[in-house]
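Undergrad: This is the structure I have questions about; it appears just below.
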Amino acid sequence: MKNQKSESIPEQEIAKLKESALFLEKGKTKFSSRLLVIGGLLTAGQLREIANFATRYGDGTVHLTTRQGVEIPHIPYEKLHLFRRAVDKSSLQPAQSGKCVRAITACPGTYCKFGTIDTQLLAKELFKKFGKRKNLPHKFKIAVSGCKHCCSKPQENDLGVMGVGNFAVFVGGMAGKTPRWGNRLPFDVKEKSKLFKIINAAIKWYEKNGNIKERFGATIERIGLENLLDELNKV
Ligand code: SF4
25 MKNQKSESIP EQEIAKLKES ALFLEKGKTK FSSRLLVIGG LLTAGQLREI ANFATRYGDG
85 TVHLTTRQGV EIPHIPYEKL HLFRRAVDKS SLQPAQSGKC VRAITACPGT YCKFGTIDTQ
145 LLAKELFKKF GKRKNLPHKF KIAVSGCKHC CSKPQENDLG VMGVGNFAVF VGGMAGKTPR
205 WGNRLPFDVK EKSKLFKIIN AAIKWYEKNG NIKERFGATI ERIGLENLLD ELNKV
């Protein structure tokens, strides 16, 4: 397996590894692993574990992704099974990959002096409630900001929550090749329980109406924001 080229790694295997957030790199012999981070928060112990993974299985470097995730690059194919076993035994886990609700990003609004909501707690709660949603039309990104400064860019996510004392919600944002600024719902949400119901209804609407590989914002463009709002107003 030493210096194995991707041509000799079966396509099915490469696709399966991708589902576990292991991505084949350019040189076609090494993989990058993304690890799950919620709200950008890690313990010192987890940082030590990450450093250990990078040293033992990668080349000693760690990349921080734009969505607050941790990526360990340059893991040789032949070391993947040992790496995965080490991750399984650690306090970390692979990131979400594919057509699912991805890791929830959040600013430090919990303790930032401008924060109006507990962003870190909300990110954890959102991940617990929605992090297992799979088989969506496309990936679904959620971000939480503690105030109008929007440091975690809720308007650039499929669904964004902005603390305004209450919760302001943005739908259909995305960056990428066809960026779209999320629409702010015409109402803010007071209760967290209602916020969860609104998010659930938005995901269900997307599941029902989205075409395969169509981002939430594109579905909103195609079908109309009013149609989504009609659904959310029933909550
Ligand atoms: S969005 Fe607001 S609360 Fe969050 S880090 Fe930025 S300034 Fe602080």
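Mapping the sequence shown onto this note's numbering, position 198 (from 1) lands on 222, and the numbers just tick up by one.
Quick reminder that beta carbons are idealized off the backbone N, C-alpha and C, glycines included.
Note that the coordinates shown come from a computational prediction; the quantities given were computed from them, not determined experimentally.
For Asn159, which residues from the same chain have a beta carbon less than 7 Å from its beta carbon, with the 5 sequence-adjacent residues on both sides left out?
TA: Stepping through the sequence shown from its first residue, residue 159 is reached at position 135. If we look at Asn159 and ignore the five residues flanking it on each side, its Cβ neighbours are Lys123.
Undergrad: In angstroms with no decimal places, state the Cα-to-Cα distance between Arg109 and Lys52.
TA: The residue labelled residue 109 in the question sits at position 85 within the sequence shown. The residue labelled residue 52 in the question sits at position 28 within the sequence shown. Each residue's alpha carbon lies about 22 Å from the other.
Undergrad: Just list the alpha helix (DSSP H) runs in the segment 183-250, keeping only unbroken ones of 4 residues or longer that don't cross its boundaries, in chain order.
TA: 216-233, 240-247
Undergrad: In or out: Asp182 buried (at least 16 other Cβ within 10 Å) or exposed?
TA: As a working note, residue 182 is residue 158 in the sequence shown. Asp182 should be labelled buried.
Undergrad: Using CA coordinates, which residue listed in Pro161, Phe191, Gly200, Arg204 is at the minimum distance from Lys232?
TA: For this step, residue 232 is matched to residue 208 along the sequence shown. The residue with the shortest Cα to Cα distance from Lys232 is Pro161.
Undergrad: Assess, as a yes-or-no matter, whether the segment 144-160 is touched by the segment 95-115 under the definition of 3 or more beta carbon pairs within less than 8 Å.
TA: no
Undergrad: Identify, in the order they occur along the chain, each residue of the same chain with its Cβ nearer than 8 Å to the Cβ of Asn190, setting aside the five sequence neighbours on each side.
TA: The residue you call residue 190 lines up with position 166 of the sequence shown. Excluding sequence neighbours, Asn190 sits near Asp212, Val213, Lys214.
Undergrad: Sort out for me which residues DSSP pairs Ile96 with in a bridge.
TA: Counting from 1 along the sequence shown, the entry for residue 96 is found at position 72. Paired residues: Ser57.
Undergrad: Can you tell me the Cα-Cα spacing of Ile74 and Gly200, whole angstroms?
TA: Position 50 of the sequence shown, counted from the start, is the residue given in the question as residue 74. Position 176 of the sequence shown, counted from the start, is the residue given in the question as residue 200. Computed Cα separation, rounded: 28 Å.
Undergrad: Roughly how many angstroms separate the alpha carbons of Leu60 and Ala127, rounded to a whole number?
TA: Position 36 of the sequence shown, counting from 1, holds the residue named residue 60. Position 103 of the sequence shown, counting from 1, holds the residue named residue 127. Using only the alpha carbons, I get a separation of about 7 Å.
Undergrad: Express the C-alpha separation of Pro34 and Thr129 in angstroms, rounding to a whole number.
TA: In the sequence shown, counting from the first residue as 1, residue 129 sits at position 105. In the sequence shown, counting from the first residue as 1, residue 34 sits at position 10. Each residue's Cα considered, the two are about 34 Å apart.
Undergrad: Please specify which runs of the alpha helix (DSSP H), each continuous and at least 4 residues long, are wholly inside the segment 106-157, giving them in chain order.
TA: Every alpha helix (DSSP H) of 4 residues or more that sits fully in the segment 106-157 is shown, in chain order, as 143-154.
Undergrad: Is it true that the CB of Met198 sits closer than 7 Å to the CB of Gly241?
TA: Position 217 of the sequence shown, counting from 1, holds the residue named residue 241. Position 174 of the sequence shown, counting from 1, holds the residue named residue 198. For Gly241 and Met198, yes; Cβs fall inside 7 Å.
Undergrad: Out of curiosity, what's the CA-to-CA distance linking Gly184 and Ile222?
TA: For the purposes of this step, residue 184 is taken as the residue at position 160 of the sequence shown. For the purposes of this step, residue 222 is taken as the residue at position 198 of the sequence shown. Taking the straight line from one Cα to the other gives about 12 Å.
Undergrad: Just to confirm, does Pro132 get its C-beta within under 6 Å of one of the non-hydrogen atoms of the ligand SF4?
TA: Residue 132 sits at position 108 when you count from the first residue of the sequence shown. True, at least one ligand heavy atom lies under 6 Å from that Cβ.
Undergrad: If you drop the 5 nearest sequence neighbours on each side, which residues of the same chain put their C-beta closer than 8 Å to that of Leu253?
TA: By one-based count along the sequence shown, residue 253 stands at place 229. Closer than 8 Å at Cβ, skipping near neighbours: Leu209, Pro210.
Undergrad: According to DSSP, simplified to helix, strand and coil, what is Lys26?
TA: Within the sequence shown, residue 26 is the residue found at index 2, counting from 1. Its pLDDT being 48, under 50, Lys26 is placed unreliably in this model, and the value from its coordinates should be taken loosely. Note: Lys26 maps to coil in three-state DSSP.
Undergrad: What residue does the beta strand (DSSP E) around Ala167 start on, and which one ends it?
TA: Counting from 1 along the sequence shown, the entry for residue 167 is found at position 143. Note, Ala167: beta strand (DSSP E), 166-169.
Undergrad: Alpha carbon to alpha carbon, how far is Gln117 from Ala226?
TA: Numbered from 1 along the sequence shown, position 93 holds the residue referred to as residue 117. Numbered from 1 along the sequence shown, position 202 holds the residue referred to as residue 226. Roughly 27 Å separates the two Cα atoms.
Undergrad: For Leu65, which three-state DSSP category applies?
TA: To locate residue 65, count along the sequence shown from 1; it is residue 41. If DSSP states are grouped into helix, strand and coil, Leu65 belongs with coil.
Undergrad: Beta-carbon within less than 7 Å of Phe55's beta-carbon, same chain only, minus the 5 sequence neighbours each way: which residues are those?
TA: Within the sequence shown, numbered from 1, the residue matching residue 55 stands at position 31. Closer than 7 Å at the Cβ level, and outside the excluded window around Phe55, lie Leu41, Leu46, Phe47, Leu48, Glu49, Ile99, Tyr101, Leu104.
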